[in-house]
Structures are given as C-alpha cells and as structure tokens.
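Worksheet: the structure to be examined is printed underneath.
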Amino acid sequence: MPAYATNMRMKFPIIALALEIITIILFAVFVVYDDGKVFQDVHVMIFIGFGFLMTFLKRYGFSSVGINLLLAAFGLQWGLLMQGLWHLEDGKIKVNILKIINADFSTATVLISFGAVLGKTSPVQLLIMTILEITIFSINEHLVANVLAANDVGASMIIHAFGAYFGLAVARVLYRPGLKNGHDNDGSVYHSDLFAMIGTVFLWMFWPSFNSAIAEPGLPQLTAVINTYFSLAACVLSAYAISSLVEHRGKLDMVHIQNATLAGGVAVGTCADMNIGPFGAMLIGLVAGVVSTLGFKFLSPILSSKLGIQDTCGVHNLHGMPGILGGLAGIVAVALGKKDGGNAAMQAAALASSLGFALVGGAATGLIMKLPFWGQPPDQNCYDDSIYWEVPEEEEEHEESLTHADHSKNKAEV
Amino acid sequence: MPAYATNMRMKFPIIALALEIITIILFAVFVVYDDGKVFQDVHVMIFIGFGFLMTFLKRYGFSSVGINLLLAAFGLQWGLLMQGLWHLEDGKIKVNILKIINADFSTATVLISFGAVLGKTSPVQLLIMTILEITIFSINEHLVANVLAANDVGASMIIHAFGAYFGLAVARVLYRPGLKNGHDNDGSVYHSDLFAMIGTVFLWMFWPSFNSAIAEPGLPQLTAVINTYFSLAACVLSAYAISSLVEHRGKLDMVHIQNATLAGGVAVGTCADMNIGPFGAMLIGLVAGVVSTLGFKFLSPILSSKLGIQDTCGVHNLHGMPGILGGLAGIVAVALGKKDGGNAAMQAAALASSLGFALVGGAATGLIMKLPFWGQPPDQNCYDDSIYWEVPEEEEEHEESLTHADHSKNKAEV
Amino acid sequence: MPAYATNMRMKFPIIALALEIITIILFAVFVVYDDGKVFQDVHVMIFIGFGFLMTFLKRYGFSSVGINLLLAAFGLQWGLLMQGLWHLEDGKIKVNILKIINADFSTATVLISFGAVLGKTSPVQLLIMTILEITIFSINEHLVANVLAANDVGASMIIHAFGAYFGLAVARVLYRPGLKNGHDNDGSVYHSDLFAMIGTVFLWMFWPSFNSAIAEPGLPQLTAVINTYFSLAACVLSAYAISSLVEHRGKLDMVHIQNATLAGGVAVGTCADMNIGPFGAMLIGLVAGVVSTLGFKFLSPILSSKLGIQDTCGVHNLHGMPGILGGLAGIVAVALGKKDGGNAAMQAAALASSLGFALVGGAATGLIMKLPFWGQPPDQNCYDDSIYWEVPEEEEEHEESLTHADHSKNKAEV
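As structure tokens, then:
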C-alpha cells in the first residue's frame, strides 16, 4: 500500500513531541500567571461531551475519545498562545481562568471540524488541522470581538458556524469517491449509541455554562444561563417530535436524539445574554431542533451525494445551520434593541466574516492535509480504530460473529 | 395487533409539538428573568443520574436515557409554570436559579414514577403522566411547604415518597397479567449493568447538593451537605452487607448495589438540614440501606405476585420506603427539637398528604394512561427499545446469538 | 477448595456491618459540624475517576466500580476519624468541607493501592487494607504536614507515591506464582476500554481541582489550577508520542492513553502552588508522560517477572514514579526559592518518610491480608467478578462464545 503511509511510528511521535516542545518554549517566553473564575463545566463539555458524542461509531470509539483528548490537550495550549498574542501585556500573556476558558473554547472549533472528517484522517493530519484552524479562528475571533465589536457570547458564529464550515470545507477537499456508497463501519451498534449518549447528555446539561462562561457577571450571565436552559429544553421536544414524524412507524432515531437535541444550545448562543425573554429563547430552540433533525434526514444525504461533502457526524446539522440560525437571530435581536449598544450591521458582518474565514481557511487547510505523507487511512480502513490503535482481540462483536460462523462451519464440516 | 396502536408517527409528534408550543405561549405570558445560584449538580442527577440508572435493562437503554431526557426537558418547563403559578409577582413568574433548581426537582417525581412503569409504557403515555404528575406534585408541594409549613429540605416526602407511590399506583392500574411470569428482556447484561453504575455513582456523588440545594445558605446548607455525605457513606456499607448476607454464597447483587446504596440520600432528606449530628445521619443511612436491600430481595416479589404491582426498577425500595423512613425521621427529629420552629404534627400531616396525593393522583393518572389510543406496547414488546426506536441491526447480543444459532444450524443441516 | 474460603456470606456482612457500627459510635463520640468550601470535583475523581479507570478488565467491571465505591465510602468515614484525631477541639472533630475534602483524599491512597492488587483480593481483604492503610497514611500525613512542615499541596508524595508503594508492597507479599504466565481474564475488551476512558477523562479534567483543593485561596490556588492544567496538557502529548514510538507500526496503546496521560497531574502535585511558571509545569508534565509510558512498556514486565510484583493496573507507572518525580521536583523548586518559607531538606525528608511508611506499612498490611480466612480468590478465579458478584448470564461475550460453539456443535452432531 505505498500510497498510504499509515505507519505512524516516527512521524506521529516526532510531530507530537516537536509541537509540545515548541509550545513549551513559547510558554516560557510569553506566559505568566494572572487571576480568576470557574471553568470546569466547559472543560467537561470539551473532553467528555465532544469525546463521547463521537463514540457512536461501532469501531471508532478509541479514536473518538482518545484523539479528542489529544487534539483538545494540544489545542488548548496553542489556543492560549494564539488568542493571547492579541492581548500581550509587557510582552507577556497573563494566564487567568478567563483565558483558560477561552483556550478551551478555541479547541471546540477543532473538535467540531473533527466530527466532519471523523474516521477518515490520521492523528498527524488532525494535529496539523488543529494548528491551522486555531490560528485562523483566533484571527476571526479578534476581528469579530474587537474590530467589529459584535456580540457572540455563546459563540454561535465564531465557534459553531466557523468550526462546522471549516470542517465541511476540509471534508470536501478530502472527498473520497470510494466511500460514496457507504462503509460497513460507518454506523453504530447498540452499546456505542449508549456511549454517545454520555456525550450528548453532558453537553446538554452544561451548555448553559458554555453560553454564559464569558458573559458579564450579574444579570447578563444569569440571562445567558436561563435562555440556554429553556432553549435546550424546547429543542428536545421539537427534535423528538420531528424525528418521530420522519421515521418509519413514528420511531425515534438515535442520530437525531444524540445531536439535534443540542441544536438549541448552539442557536441561542449569540443572543444568550440578550433580553429576548425565556419564550424567545424557546422559540429559537424549537426552530433549531426542527432544522437540525430535518437536516440529518434530508440534507446530509444530498450534501454527500451531490456536493461530495462526507460529513461523518453531521456537524452541518448540529453546528452549521444552527450556528447560522444563531447569527441571524442575533442580527434580529440586536435590530430589535434587545442588546444595549448592539449594531445589527456589525452582527451581520461578524457572521459573514466567520463563514468566510471558515470556508477559505478550511479549504486551504484541507489542501495541506491532503499531502500524501501525513498517513491518512485507505478507504477500506476508514472508521476503524485498528489502523492507529492496538485493539484488543476477539471482543469486537462483528469480528466475533465472523469467528463464530467460521468455528461453527468448521465443526459442521467435520 | 389492533389493540396496540404503537405506531407513534402522528400521535407522538403532534402531542410533543403541541405541548411545546402551548408551553412557549404560557412562557410568553408569564415568565420573566430574576436572579441567582448554582444548579449544575442537581442537573447532572436528573439527566445523567436518573437516565443512566435505568439503563440496566439489556434492550432498553435508548429509552431509559432518551425518554428520561424527553420527560425531564418537558417536565422542567411544565414544573416551572406549575410551581410558579403559586407565586406570581405582578402576574409574572420571575425565573431565577432557585426556580430552575425547583423545576429540576419537580421532574424528579416523574422520573421516579417512570422507573416503576419502565418498559411498559409509550412515550405518549409518559408525556401525559408528566403533565398530570407535575401538576399534582405542585399542589401537594404548595400544601406541604406553604400551608403546613413542614420541613422537607431534601424532599424525602414530597419528591421521593410522592414519586414512588404515584408510580406504583400507576403501575397497579396498568397491571399486565401477561408479565406475571416475567419477560425475557426484563433483566440486565454485563455491560448494561455497568452503564447503570454511571447513573448510580453520579446520583450518589451529587446527592449532598440535591439535599442542600434549597437549604438556607450558611450553617443549615453545610449541615445538609455533611449529613447527606455521611448518611450515604453508611448506607453503602449496610447495602453491601445485606446484599452479601441474603445472596447465594455471600455474593453481591448489582440490583442492590445500583439502588440501595442511594437509599441513605433519600432517607436523610427531610432532616438533612437539622441538627441530628453526623452519627444521627449515619444511623438513618444505615437503616435505609438495610430496608432497601431487604425490600428488593423479599418485598418486591410479593408486591408483584400478590398485589399486582409490577415495579420495574424497584422504586418502592429506593424511593418509597426510604422516603417514608425520611418522613418518619423528620417527625422524630422535629419532636426532639432538632429544628427550630418545627412542628411534629405538621411533619406527619405533610407525610400523609404526600402519600395521599400520590396514591389518588397516581391511580387517576393510571386510568387516563390506560386509554387504548396512547400506543402502549403489547406484552411481548415490553422492555424492548425497538418498538419506539430505530435500533442498529445485528449488534444486540441476544439477537446476534439467535442469528448465529440459525446460521450454524443452516450450515450443519447442509 | 478448602484453602479458599471465598464464600462471603457471613464474613463479609459481619465485617462490613461491624465496621460501620463501630464507625458510627466513634462519630457519635467525636464528630460535630463546622463550616465550608466546594468538594464535588474531588468527589467525582474518587468515585467516577478511580472507579471507572479500573473497569478496563474484561470481566471485572462490577468489582472495579462497585468495590471502589465500597472502599471509598468506608474509607472517607475512617479517614475523617484518623485525620481528625490529630486536630481535636474540645475532644471533638469539627467537620467542615475542608475535612471532607481531606477525607476524600485519604481514600485515594487506598484506591491507588487497590489498583495494584485488582482482581486478586476479596472484598474483606480490601476492607482490612482500607483500615490499615488510612491509619498509616494519617500518621505519615501528620508527620509531613505538621512536623516536617513540608509542602505537598497536590499530594504527589503523601498520596500518590505513598498509595503506589504501599500497594506494591502488598502485591509483593501476595505474590501469586500461578499467575506468572498471565491469566486469560487479565486483559481488556473493546467496550471495557471505553468504560475505562470515562474514568481517565474525569480524572484528567478535575485534576486541577484535586491539586488546588487545599491550596491557600487566592493566587496560590489559582497557580495550582493553572500549573496542573498545563502539566496535564503537555503530558498528553508526550504520552501519546511515546506510546506511538514504542508500539508496533506506531500505533497507540489504550493502557498508555488511559494512564500515562494522567501522570502530569501526579507529578506536578507537590509544586502545583509554587511559582514555577506555566512552562515549568509543562516540562514536569512532559517528563511524567514519557516516564510513565516507558514504565508501562518496559519496567512493569520486569517488576512482574524478576521481582514478583504483579501490579494489575500499573500503579507504579501512574502514581509511583510520577509521585517520586513530583517529590523531587518539589525539592528542586523549593531549593530554587519558588516557595516562600520552603525548606528543601524537609521536602526530601517528606519524600523519604512517605516511601518508608508505604513500604513498611504495605508489607505489614500484606502479611495480615495473607491470612487464609479472608477469602482471597484462587488463581483461576482471579480477575473474574463472578466469584463475588451475581453476574447476569449469557451476555458476557467470552462466555457467550463458548455457549455458541457448544450449541453449534450439538446441532452439528445431531
């Protein structure tokens, strides 16, 4: 298999260690302590939430939670540097809890994009994506927050829409014609769906903390908690309702439940701290649940077959469309005067900037990731942990089933 | 199968969406922001704790964690309205974090009752139960807290005993003679028991937050944390000891460990913020662990065979008897002067009220749920996700085992 | 099997209940309320973190999470007493949240040692280990903190190194020649590795809380959070890099990922609240990840084959060596003046004391645990839940596979 140098023995350790050592040197030069706030809820979303949400694939759980940990652990260090460079004090980045929360946030963009390319990329490719995506994210974030002075407290635009469209652009560049008819391992088993629900529920529960973490303390922060809490609650009902409506015999589909129930958290992000009323938040959540579920059912297959965008986790439905919805809701809310000092034009510019940086940055990053020596897996080894992980033998159920069949056959033939 | 209209295609989406839209309208009319406190620990208990605790069934994990999410997401909205109607300010419900905690609490009653009927009810039946139970709960809560002015800081009576006996009354009305000899799917497998332990341990860890969440800040709140912490710790020892004592060869039984270890949290609820001493809390926990474990071993089979109460999760043992024990402990503690301003007669009235509303309300709710058009599952499809969920093929182990056997047989016969 | 009285029916319940009753009496005599701080993050590490980290074994998940709960629940009560006896006020132990955090901490030593002997000991043996280890721990802790006045805010020495070497000494005394060629059940399956990752990720996320929980509020506490956060992040990169470097075809090994990614939290413990700079913390984490991964790969097999130390979870690699590394880093940091009032000689004495108490105490405890009537399992039943637990039938996959084979065979023979 000369085209697929998937042996990671030298390239992964060298790149991973080199990155860490460079990062430490940069920390030695730039980073000192400052003081702080709580961050653990966001941390749980990044490491448990995103990590387990992606364990739904039957043979890709090690990578989902393991590579999620790797990318987030590196990403938070890189994010602290990239974000901090815009705000040096005496040539130093003063670390405090707010900076740590923002570093965690910056990794979320990468983890969203990871969802789009899940199962089809090597750890080395993903480390490269992490560096490039966080760097580009930091530029866009600076532009949106400081130059345009737009509101995006829960980051519907700068994290969710950005991460989704960046990942979709990468996925488009890495299009694999060989997977257009699907892949045996691109699906769940009963237990893997339950593992994924650990991710879903932790994301769902702690989303109010995500959307309020960097809000102004006091009423705006409380408003962000309450709006997010009710938007998510309403979103659950609409996601379940639409799932049952579009599936065979009114059944529920785990893909929808695992993902679309969270769309309300994404979509209410931009206006989470605005005075939109709890019912306004619920309307946003309701619509997000509908849009997201319909996206999974009807739009994703079209993106894959017509546009060559193979979006493994459906990030377009959970982060992409709900992120845009959040940006639009923010424009409307600001135009209606729900946020003191807001400017609807700047909100629109922020949305456009986030989408632009995501698509262009993602396409460029995809081209770099496509270079042949990063060890991407051949089609037949996609969605399979065993190409990059030592996997324990004989317990994987499909494997086991084959073994059984063979054993029985042998016995029968004797 | 004309008697069982289990196709949820129109009825579930319509009811779920209609409920959500009505709720949003009610929010638009009634609900505005106020200000706040932490709530995430209670949130984790409701969504991860209750949800995963019920995943012990081998083929019912999607429903356990998924329908738990649905009922809790709807219930917290409905609970906020029902509880808020007793405390309108200028015709509005002012939402703050305390109200959110109470809304989460109100859903706990439904999730406890859900445990009693787990595997035997449709999502539509359960949404109806949610509306009715939370409405009745809110009346009883108002009576106990405001009219009787009884103490029940950790809600042994108004949540645990109420939720359990409400659910048991529903289960009695929905009695299924066809299940009196058990059901193949009414049991666990190795992995499902481990998923359930995620629920157990999160409930166990965060129970001190549950029992102290609405306590007066300062010493009463700290007392509630400490009493619950030690009651639970003592309860673990007695639950393990009694499990080993009553099982074959001194083995431990997962059903006891998953549930009876939590009984100390239930039973110490009413007097959590009283000056009963850490050792008093431990005695309550010790007794609760014993009562709960013995209930699982000896009482549940009798309730099922003699009284027609088929209690899937054994909520009588985890919430029912320990809840009553908590109410009784509260009467004694107040009579002994452990709570300033407490009145033992009012405590007794609160316990009686909670049980009365639960049994009558549950029976009435059960009769409504029994109406034939809510899509309850036929006996043979009980405890099986596949009737209401799209379930991935061939990975479920029992299924797989049948498939293997068939394959082998075919091969052998050839 | 006369040598192995593994029937727990009388001995386990009697010992467990007797311990609990004695503890309650001691609480009645000694323990009263005081006031407080947050503790839930540490609680999650103890009960979810340690519990699930050990579920990696294919047939030992019930014991891992269940016995972890038992030992921690008893240990925190016993720890509160043992630690409190050194600080009586008017003959009473005044419980506050700080004391609860310290009680949780004391159980960590036992849970670390449990990892060394996992799968080879009965619940009764482990309760005895809990009593003895926490008692000895409390003496060493008092010596280190109050007599030597050494710094060990994150407890690299007094918890991690102590717990590891105590457990290794016990394991040495309980050496089983019959297991020197391994055991079929001493390994993971795909799903058990994912359950273990729940433990890993919760430990990883909340370690900043562990290392800062008892730090002085303000800058030292914030410093402990930040140092731990970055040490862990750097450690992930080096653990992944070295794992890939030493494994076949550059693959990653779950054992390394589950454990060595946490070594940075252990190793930065002693100097977590010192002014070592974020990059200093990262260097410590980087080295810890390397040392820990190499330990799993090269040292553990030698300890087992040459020294008769059968360390089931590899606690030497996660807690032992990184704990010593932390102690050494503390000596150097104090010598470099990174902590006001620190004394490098006292740091060295603290490390020596912790190792000495651990090895001597562990050896003595091992001798007591070796007495034949505590019901340790025979070699063939090691690493198997079914000796101490009721295990659901037919779903365990290896079991199932045998059953299938038999069925097929029978059918074929007919």
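Residue numbers (the UniProt record's numbering), protein chains in the order written: chain F, 1 to 414; chain B, 1 to 414; chain D, 1 to 414. All C-beta atoms in this analysis are idealised placements derived from N, C-alpha and C, irrespective of residue type, glycine included. The model shown is predicted, which means the values in this text are computed figures rather than measured ones.
**Prompt:** Going by alpha carbons, who is nearest to Ala116/B out of Phe166/B, Gly341/B, Met205/B and Met369/B?
**Reply:** Residue 116/B sits at position 116 when you count from the first residue of the second sequence. Considering only alpha carbons, the answer is Phe166/B.
**Item:** Classification of Gly342/F by the beta-carbon crowding that lies within 10 angstroms, buried from 16 upward
**Value:** Indexing the first sequence from 1 puts residue 342/F at position 342. Gly342/F is buried by the Cβ-count criterion.
**Request:** Give the range of the alpha helix (DSSP H) segment to which Ile242/D is assigned.
**Result:** The sequence position of residue 242/D within the third sequence is 242, counting from 1. Element bounds for Ile242/D: Leu219 to Val246.
**Prompt:** For the ligand SAH, is there a heavy atom less than 6 angstroms away from the beta-carbon of Ile257/F?
**Reply:** As for the ligand SAH, it is missing from this structure, which has no ligand bound.
**Prompt:** What is the residue span of the beta strand (DSSP E) that Ile93/D lies within?
**Reply:** The residue given as residue 93/D occupies position 93 in the third sequence. Start and end: Ile93 to Val95.
**Request:** Could you tell me whether the Cβ of Leu17/F comes closer than 7 angstroms to any Cβ of chain D?
**Result:** In the first sequence, counting from the first residue as 1, residue 17/F sits at position 17. It does: the Cβ of Leu17/F has a partner Cβ on chain D nearer than 7 angstroms.
**Prompt:** Does the region 59 to 73 of chain D come close enough to the region 207 to 227 of chain B that 3 or more CB-CB pairs lie under 8 angstroms?
**Reply:** Judged by Cβ distances under 8 angstroms, the region 207 to 227 of chain B makes no contact with the region 59 to 73 of chain D, as fewer than three pairs qualify.
**Message:** Using only the alpha-carbon positions, how far apart do Leu148/B and Thr107/B sit?
**Reply:** For the purposes of this step, residue 148/B is taken as the residue at position 148 of the second sequence. For the purposes of this step, residue 107/B is taken as the residue at position 107 of the second sequence. For Leu148/B and Thr107/B, the distance between alpha carbons rounds to 23 angstroms.
**Prompt:** At a Cβ threshold of 7 angstroms, is His398/D touching chain B?
**Reply:** Taking the third sequence and counting its residues from 1, the one referred to as residue 398/D is at position 398. Annotation note: pLDDT 43 at His398/D (below 50); position unreliable, no value reported.
**Exposed unless 16 or more other CB atoms sit within 10 angstroms - verdict on Leu367/B** = For the purposes of this step, residue 367/B is identified with residue 367 of the second sequence, where counting begins at 1. Exposed, by the Cβ-count rule.
**Item:** Proximal residues, the region 359 to 387 of chain B versus chain F, C-beta separation under 9 angstroms
**Value:** Cβ contacts with chain F: Gly375, Asp385, Ser386 and Ile387.
**Message:** Between the region 333 to 348 of chain D and the region 147 to 163 of chain D, can you find at least three pairs of beta-carbon atoms closer than 8 angstroms?
**Reply:** The answer is yes - the region 333 to 348 of chain D touches the region 147 to 163 of chain D, with three or more Cβ pairs under 8 angstroms.
**Prompt:** Closer than 7 angstroms, CB to CB, is Ile48/B near chain D or not?
**Reply:** As a working mapping, residue 48/B is identified with position 48 in the second sequence. Taking Cβ atoms only, chain D never reaches closer than 7 angstroms to Ile48/B, which makes this a no.
**Item:** Burial state of Leu283/F, where buried means 16 or more other Cβ atoms lie within 10 Å
**Value:** As a first step, residue 283/F is located in the first sequence; it is residue number 283 there, counting from the start. With 16 or more Cβ atoms within 10 Å of its Cβ, Leu283/F is classed as buried.
**Message:** Counting only C-beta atoms, is Lys251/F closer than 7 angstroms to chain B at any point?
**Reply:** Translated into positions along the first sequence, residue 251/F becomes position 251. Output row for Lys251/F: interface = yes.
**Message:** So with CB distances below 7 angstroms, who are the chain B contacts of Glu247/F?
**Reply:** In the first sequence, the residue the question calls residue 247/F occupies position 247. For Glu247/F, the neighbours in chain B by C-beta distance under 7 angstroms run, in chain order, Glu390.
**Request:** Taking 8 angstroms as the threshold, find out whether the region 167 to 186 of chain B comes into contact with the region 38 to 48 of chain D through three or more Cβ pairs.
**Result:** Counting Cβ pairs under 8 angstroms, fewer than three are found: no touch.
**Asked** What alpha helix (DSSP H) runs, 4 residues minimum, are completely inside the region 103 to 165 of chain D?
**Response** Correct list: 123 to 142.
**Asked** Which chain B residues sit within Cβ distance under 9 angstroms of Gly61/D?
**Response** Here residue 61/D is taken as the residue at index 61 of the third sequence, counted from 1. The contact set of Gly61/D on chain B, defined by CB atoms closer than 9 angstroms, consists of Tyr190, His191, Asp193, Leu194 and Met197 in chain order.
**Closer than 8 angstroms at the beta carbon, the chain F residues around Val65/D** = Position 65 of the third sequence holds residue 65/D. None at all; the shortest Cβ gap to chain F is about 14 angstroms.
**Message:** Less than 7 angstroms between CB atoms is the rule here; does Pro13/D satisfy it with respect to chain B?
**Reply:** Start at 1 with the first residue of the third sequence, and residue 13/D comes out as number 13. Nearest CB-CB separation between Pro13/D and chain B: below the 7 angstroms threshold.
**Message:** To the nearest angstrom, how far is the alpha carbon of Leu318/D from that of Met254/D?
**Reply:** Within the third sequence, the letter at position 318 stands for residue 318/D. Within the third sequence, the letter at position 254 stands for residue 254/D. Looking at the two C-alpha atoms, the distance is approximately 14 angstroms.
**Request:** Check whether the Cβ atoms of Phe50/F and Leu237/D sit closer than 7 angstroms, and answer yes or no.
**Result:** What you label residue 50/F is simply residue 50 of the first sequence in a count that begins at 1. What you label residue 237/D is simply residue 237 of the third sequence in a count that begins at 1. Contact annotation: Phe50/F and Leu237/D have beta-carbon atoms that are not nearer than 7 angstroms.
**Asked** Roughly how many whole angstroms lie between the Cα atoms of Gly36/D and Ala272/D?
**Response** As a working mapping, residue 36/D is identified with position 36 in the third sequence. As a working mapping, residue 272/D is identified with position 272 in the third sequence. With a pLDDT of 47 at Gly36/D, under the threshold of 50, the modelled position of that residue is not reliable, and no figure is offered here.
**Prompt:** With 16 as the cutoff for other CB atoms within 10 Å, does Glu393/D come out buried or exposed?
**Reply:** Taking the first residue of the third sequence as 1, we reach residue 393/D at position 393. Exposed.
**Request:** Note down the Cα distance separating Thr293/F from Thr121/F, rounded to an integer number of angstroms.
**Result:** The residue you call residue 293/F lines up with position 293 of the first sequence. The residue you call residue 121/F lines up with position 121 of the first sequence. Cα atoms of Thr293/F and Thr121/F: separation of roughly 26 angstroms, rounded to the nearest angstrom.
**Message:** So, at 6 angstroms on beta carbons, what are the nonlocal neighbours of Asn100/F in its own chain, with the 5 sequence-adjacent residues on each side left out?
**Reply:** Sequence index remark: in the first sequence, residue 100/F carries index 100 (1-based). Looking at the sequence shown, residue 100/F is not Asn but Ile. Cβ neighbours of Ile100/F beyond the five flanking positions: Phe39.
**Asked** Under 7 angstroms, do Pro278/D and Val29/F count as touching if we go by C-beta distance?
**Response** Indexing the third sequence from 1 puts residue 278/D at position 278. Indexing the first sequence from 1 puts residue 29/F at position 29. Taking 7 angstroms as the Cβ cut-off, Pro278/D and Val29/F do not qualify as a contacting pair.
**Request:** Can you check DSSP and say which residues form a bridge with Trp389/D?
**Result:** Residue 389/D sits at position 389 when you count from the first residue of the third sequence. Under DSSP, Trp389/D shares a beta bridge with Leu252/B.
**Asked** Which ranges would you report for the beta strand (DSSP E) in the region 28 to 58 of chain F if only whole runs of at least 3 residues count?
**Response** Secondary structure within the region 28 to 58 of chain F: the beta strand (DSSP E) runs of 3 or more consecutive residues, fully enclosed, are 31 to 33 (chain order).
**Message:** Quick check on this structure: which residue in Ser113/D, Phe105/D and Tyr383/D has the alpha carbon closest to the alpha carbon of Gln77/D?
**Reply:** Residue 77/D sits at position 77 when you count from the first residue of the third sequence. Checking every option, the nearest Cα to that of Gln77/D belongs to Phe105/D.
**Message:** Which same chain residues end up closer than 7 angstroms to His183/B when comparing Cβ atoms and leaving out the 5 residues on each side of it in sequence?
**Reply:** Within the second sequence, the letter at position 183 stands for residue 183/B. Result list for His183/B: Cys382 and Tyr383, in chain order.
**For Glu20/D, the three-state DSSP class (helix, strand or coil)** = Indexing the third sequence from 1 puts residue 20/D at position 20. Helix.
**Message:** When you compare the CB positions of Asn7/F and Ser354/F, do they come within less than 7 angstroms of one another, or not?
**Reply:** Locating residue 7/F in the first sequence gives position 7, counting from the first residue. Locating residue 354/F in the first sequence gives position 354, counting from the first residue. No, the Cβ-Cβ distance between Asn7/F and Ser354/F is not below 7 angstroms.
**Prompt:** Got a sec? Which residues, its chain only, sit under 6 angstroms from Asn211/B by beta carbon, not counting five neighbours each side?
**Reply:** Along the second sequence, one-based indexing puts residue 211/B at 211. The residues are Gly154, Ala224, Thr228, Gly269 and Ala272.
**Prompt:** Where are the alpha helix (DSSP H) runs, 4 residues long or more, that stay fully inside the region 291 to 361 of chain F, in chain order?
**Reply:** For the region 291 to 361 of chain F, whole alpha helix (DSSP H) runs of length 4 or above, ordered along the chain, are 300 to 307 and 321 to 335.
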